[in-house]
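Structure record follows, encoded as structure tokens.
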Amino acid sequence: MTQEALAMKTLILLCTLAAVALAAPSDTYNPHYDSFNAQELVDNVRLLKNYGNCFLGKGPCTSEGNDFKKIIPEALRTTCGKCTPKQKELVRTVVKGFQTKLPDIWQQLVLKEDPTGEYKESFERFLNASD
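What the sequence shown shows, in mature numbering (1 follows the signal peptide of the UniProt record, and there is no 0), is residues -23 to -1, 1 to 108, in sequence order.
Spelled out as structure tokens, the structure:
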């Protein structure tokens, strides 16, 4: 085998491995929103309500709201299994904000995302955890 043929095969192998690595599903959600200020959201009831309406499909969504809305079902099913530690903290902050400040919207979200209550117990354990 010539040097050129070996180099070409090596290049093809590296490109294939790179394509597989890029196509593989991530173990965690994109950390882009790890710096999202959840406490600021919770402290602004009007803004929190807007996000709630976005998640319920009852109002417009910001780009962040759309991104969060897409992962809510999976995050609920897996009790935030793909969340980074920071994202777990953010989810707990926002959920507790809904529960205390907008309980009606929280109940609507629960009915929309977990109508049978299948994930209620595991999600409550997640909310009360401190990892």
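Heads up, the beta-carbon is just placed ideally off N, CA and C, and yes, glycines get one too.
Residues of the same chain with a CB within less than 7 Å of the CB of K97, apart from the 5 flanking positions on each side, are D91 in chain order. Between the segment 20 to 40 and the segment 52 to 66, the count of Cβ pairs shorter than 8 Å is below three; the stretches do not touch. Shortest Cα-Cα distance from H9 to any of D108, F100, V87, C60 involves C60. Residue L104 holds the alpha-carbon nearest to the alpha-carbon of F75 among P50, D11, L104. Rounded to whole angstroms, K78 and A15 show a C-alpha spacing of 14 Å. A check of alpha carbon separations from D4 across L88, F32, V19, C57 identifies C57 as the nearest. The alpha-carbon of G34 is positioned some 12 Å away from that of K47. Exclusion of the five residues before and after T70 leaves A15, Q16, V19 as the residues of its chain whose Cβ lies within less than 7 Å of its Cβ. Here L86 is buried, its C-beta having at least 16 other C-beta atoms within 10 Å.
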